[in-house]
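Chains as they are written, first to last, in my numbering: chain H, 1 to 176; chain B, 1001 to 1176; chain Y, 2001 to 2176; chain A, 3001 to 3176. Quick reminder that beta carbons are idealized off the backbone N, C-alpha and C, glycines included. What follows is a single structure, written as C-alpha cells, with notes after it.
Given below as C-alpha cells:
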C-alpha cells in the first residue's frame, strides 16, 4: 500500500521498455540482498543487478511476455556497458546453473555491437540449451538516444545495486 | 503546506528559465503516474516528462506566459538531448491528438540545431494547426553553459521520470 | 541539534577548501529560497548558488578568513564551469549593487584560465571598488584533480540549487 | 537493527571487490565526521574517504584479509582517479604517521598505470617500513569495465564524503 510519507510498502514496477519490430527489450534494477550480522550491522550478501528481458513480437506492438528470456547484468557488466565507446562492442557469457551439477547445460550470451554508422547498437541475447537441443537468438536495435537513457539510468542505479547508498545514508557521525 | 520534515505536501514549482530577446524557454520535470495493483504494488502507468514551454516576448524581459506553447519530452527524447554532440542536431515530432479522431490536425516539431561556431544551440518549436490554419514558430538561442545546465538537470531528472528512484528507495531486503 | 532520524535541524557547514600559497579558495552550495503560494504550493523565489570565497594567506597554511572576498555562482555560471574543456577559459562579471542606486560602484570579475600544459586552471577574483578606489586581485591555481572534485560536486549540487530535487521528492501520484 | 522505515541503525558493509590472481582489491566509502557547534550547527571536522584495501591471494579465490594493506583516498585523490584519461597515470604518497614523532617511518605509495593497450589499469600499493625494514608491493590489474564501476561509484560517493549531501538535505527555506 501507499503509506502517508509517499513511500510504497509494496513492490514498484518501473521497467524501461524499448519496443522494436521483432522483440521488446526491458530493463529494470534489482536491489542487493543484505544479511544481518549479530552486531546488528548489515552486509551485502548478494549484489543487485540490472535485469534485461527480451520478449518476442507476436503482432504490431504486441509481445509475448511469457516467452521472455532474462539476463541479469552484474555491476562489472554494467560498468562495461556505461563506458562503451560509440564504435566498441562487448560480450558477456552466463551459465544459469554455474557451480551446480547442471553446469554447462544452458549458455546465455549477451552481445552489444555498434551500428556501422555509429547511430546506436544491436543488443542480442543467445540462449543455447544443450539438453533440450534448443538454440534461440533475439536481437533488438537500440538507438543512440535509447542507449543514452540506459547509460544514465544504469549509472544512477549502479551505486544502489552495490549497496553504497545504504552505507551513505547512515546518520552523520559526530566526534565533538 | 510545509510539513515538519521539510517536505512540501503541495506542488513545488521549480522551472529553469532561459530569458532571451524574442522568447523565454522554461523547463521543468513532470513525475510519472503510478497505478496501484491489487497486490499493493505500484506500477508506472504513464512515464514522466520534461516539459518545455516557449513564451513570446512582449517587452524587455517581459513574456506572455498565457501564449506559451508546450512540448513534453519523453525519456528517449531526453536521452537524445543529453547525448547530443557539439555539432549535432536533433528533431522530434509530436501530435497532441495522436490515436484520437483529431489525429493529424496539429503537428508540433522541436528542433535543436548547433550554432555554427559551436557556442551553443538554437532550440525551435513549430506548431502547425491545420484546422485553424495557424503556423507558429519560436526560436530560443541557448548558450553552451545553459545547455550544460539542461544536460545536468535532465540527467538528474531522468531516473525519477522513469520511476527508478521509487523502486530503488524501497526498504533493503534481508536474506539472513 | 541532531534529530533521531539523523538529520541536522541546524545549519551544516561543508566547504571544499583548496589551500594554496597565496590564498585559499572555498566552495559550498547555497540552497534556493522558496515562497509559499496561497494554494500551499512552493515556488522557487530565489535560485541557490555555489558560493566561492577567496581568503588571503597570512602564513604557512594560515589564511585571513575575515578578509575573504565572495563570488556567488548562478546555475548558468555553474553550467559554464562544469562544461569547461581542458583548454577553455571563462569569465563572469558581477555587480553586487545591481539595480540599486549604488550600481556600478563595485565590479567583481571571476576568471578561469587553463594552465599552459593542461594540468589545471588559474581561478582569479578581481574586485574593483570605484568609491574606495580599491582594486584587489587574488589568484588560486587549481589542479586537474581539484577541478574534477569541483565539477563532480557542482554537478551534484546543481539540481538542488535549482529546486528540482524538491519537486522530484514529492509523493508519487496514483491514477488507478 | 533494521528499523521500520528501512534504514539500518547499525553499520552497513558494502565493499566493491575485484578478485584477481595475486590479490583482491576492495573499495568502500567512509563518511565524514562532524563536530557540533554551540549553535546546534554541524561542521565537517574530518572529511570522508574511499578506503582501498589490498589482500594477498592464498589460493584460488581465497584471500588473506588479515594481511590487508589500507590506503584512504582523499576527495582530491578521488578527483584525480575519476578524471583519469585512458592513457594517463597517477601516483599518491601517504605517511600514516604524518605530523607525529613517527613521521617518515612508513611510506605508502599508490600507483595507477594504464595497460599498454588501453584495456584498463594496474593499481599498485607499495608499503615501505623503514623501522621493520619491510618493503611490500601488491598489484591488481583492473579492467576498463571495473574501472568504470569505480569511477561511477566514486563520483556518486564524493559529494557525500565531502558532506555536501548533509547540507543539501536540509529543510527548504521559505522567504514568503
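DSSP state of residue i mapped onto helix, strand, coil
i, result
"residue 1070 (chain B)", "strand"
"residue 1046 (chain B)", "strand"
"residue 96 (chain H)", "coil"
"residue 1080 (chain B)", "helix"
"residue 3103 (chain A)", "coil"
Boundaries of the alpha helix (DSSP H) in which residue i is found, first to last residue
i, result
"residue 1029 (chain B)", "Element bounds for residue 1029 (chain B): not the alpha helix (DSSP H) but the beta strand (DSSP E), 1023-1030."
"residue 2144 (chain Y)", "2144-2161"
"residue 2166 (chain Y)", "2164-2168"
Whole-angstrom distance between residue j and residue i, CA atom to CA atom
i, j, result
"residue 65 (chain H)", "residue 56 (chain H)", "8 Å"
"residue 1038 (chain B)", "residue 1159 (chain B)", "25 Å"
"residue 1153 (chain B)", "residue 1079 (chain B)", "12 Å"
"residue 3053 (chain A)", "residue 2120 (chain Y)", "29 Å"
"residue 2020 (chain Y)", "residue 1123 (chain B)", "42 Å"
"residue 2059 (chain Y)", "residue 3027 (chain A)", "37 Å"
"residue 1084 (chain B)", "residue 1140 (chain B)", "17 Å"
"residue 3106 (chain A)", "residue 3051 (chain A)", "18 Å"
"residue 3017 (chain A)", "residue 62 (chain H)", "41 Å"
"residue 2069 (chain Y)", "residue 2032 (chain Y)", "21 Å"
"residue 3081 (chain A)", "residue 1150 (chain B)", "26 Å"
"residue 1161 (chain B)", "residue 1076 (chain B)", "11 Å"
"residue 1134 (chain B)", "residue 2157 (chain Y)", "42 Å"
"residue 2072 (chain Y)", "residue 2130 (chain Y)", "21 Å"
"residue 2148 (chain Y)", "residue 1148 (chain B)", "16 Å"
"residue 46 (chain H)", "residue 1155 (chain B)", "28 Å"
"residue 2030 (chain Y)", "residue 3169 (chain A)", "12 Å"
"residue 1102 (chain B)", "residue 1093 (chain B)", "16 Å"
"residue 1099 (chain B)", "residue 2074 (chain Y)", "43 Å"
"residue 3165 (chain A)", "residue 2104 (chain Y)", "37 Å"
"residue 132 (chain H)", "residue 36 (chain H)", "40 Å"
"residue 3040 (chain A)", "residue 1115 (chain B)", "51 Å"
"residue 67 (chain H)", "residue 1067 (chain B)", "49 Å"
Rounded distance between the beta-carbons of residue j and residue i, thought under 8 Å
i, j, result
"residue 1014 (chain B)", "residue 2163 (chain Y)", "3 Å"
"residue 1143 (chain B)", "residue 1126 (chain B)", "Not quite, the Cβ-Cβ distance comes to about 22 Å (not below 8 Å), so this is no contact."
"residue 3113 (chain A)", "residue 3089 (chain A)", "5 Å"
"residue 3044 (chain A)", "residue 167 (chain H)", "In fact, because the Cβ distance is near 18 Å, the residues do not count as touching under 8 Å."
"residue 1023 (chain B)", "residue 1128 (chain B)", "So it is not a contact: roughly 18 Å between Cβ atoms."
"residue 2087 (chain Y)", "residue 2118 (chain Y)", "7 Å"
"residue 2091 (chain Y)", "residue 2111 (chain Y)", "5 Å"
"residue 2042 (chain Y)", "residue 2034 (chain Y)", "4 Å"
Element boundaries [beta strand (DSSP E), containing residue i]
i, result
"residue 1086 (chain B)", "Neither: residue 1086 (chain B) is in no beta strand (DSSP E) and is coded neither H nor E."
"residue 3129 (chain A)", "3120-3129"
"residue 3017 (chain A)", "3016-3019"
"residue 1107 (chain B)", "1106-1114"
"residue 2036 (chain Y)", "2033-2036"
Minimum Cβ-Cβ distance from residue i to chain C less than 9 Å
i, result
"residue 3114 (chain A)", "Among the chains of the structure shown, chain C does not appear; the protein chains present are H, B, Y and A."
Subject >> Near-chain B residues of the region 154-170 of chain H (beta-carbon distance less than 9 Å), N- to C-terminal order >> reply: 155, 156, 157, 160, 161, 163, 165, 166
Original post:
Which residues, taken in chain order from the region 3066-3087 of chain A, show a beta carbon closer than 8 Å to some beta carbon of chain Y?
Top reply: 3075, 3076, 3077, 3078, 3079, 3080, 3082, 3083
Original post:
Residues in the region 3042-3060 of chain A with C-beta within 7 Å of chain Y's C-beta atoms, listed in sequence order?
Top reply: 3042, 3043, 3044
Subject >> Residues, ordered as in the chain, of the region 2133-2150 of chain Y that lie near chain A by beta-carbon distance below 9 Å >> reply: 2143, 2144, 2145, 2146, 2147, 2148, 2149, 2150
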